[in-house]
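Here's the structure, in structure tokens; my notes come after.
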Amino acid sequence: MSDARRYVFYSGDLIKGHGSMSSAEAKVTAMLNGHEGALELPDGIELDQVYIERGRLRERMKMPVAVDGLTITGIPKGATLAAHGTSVVVDDGMAVLSFDEPGAHAVTIALPPQWLDYSLEVVA
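According to our numbering, the sequence shown is numbered sequentially starting from 1313.
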């Protein structure tokens, strides 16, 4: 029976790779590839749901945003809000959207590594 588990390889706070293998293989793989270390990815957690902080695996959090029409509040400071190929950095926790064309518009808010991306559709 195999003892293969899922591992992420990191250097500093950056994930450099991942793979399924034994604990011993993960240690050797990290060393041979010049990575700082390897951490086991828990069952039920996907790679895009985690980040590395000071050598520890952390789960990315859901953004605490609230949407009321074209107003979005609770945006984490420094997040990037993007729509129609244009993006802005939000520093005050909120955004009031406006669009030249009526209809549905896709909006994405991102602030890696600690926050999961938040995607929504608003109607103008």
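For every residue, glycine included, the Cβ atom is placed at its ideal position computed from N, Cα and C.
{"Item": "Supposed contact pair Asp1325 and Ile1357 - C-beta distance, whole angstroms, cut 8 Å", "Value": "Between Asp1325 and Ile1357 the Cβ distance is about 18 Å, and since that is not below 8 Å, they are no contact."}
{"Item": "For Leu1432: DSSP bridge partner residues", "Value": "Val1419"}
{"Item": "Stretch pair the stretch 1375-1395 + the stretch 1326-1338: three plus CB contacts closer than 8 Å", "Value": "no"}
{"Item": "Cβ-Cβ distance between Ser1410 and Leu1382 below 8 Å", "Value": "yes"}
{"Item": "C-beta contact flag for Ala1378 and Gly1386 at 8 Å", "Value": "yes"}
{"Item": "Among Thr1420, His1396, Arg1372 and Val1400, the one whose alpha carbon lies nearest that of Asp1412", "Value": "His1396"}
{"Item": "Distance CB(Leu1428)-CB(Arg1368) smaller than 8 Å", "Value": "no"}
{"Item": "Opposing strand residues paired with Gly1331 [DSSP bridges]", "Value": "Tyr1319"}
{"Item": "Spatial neighbours of Gln1361 in its chain, beta-carbon cut-off 8 Å, leaving aside the 5 residues before and after", "Value": "Glu1371, Arg1372 and Leu1428"}
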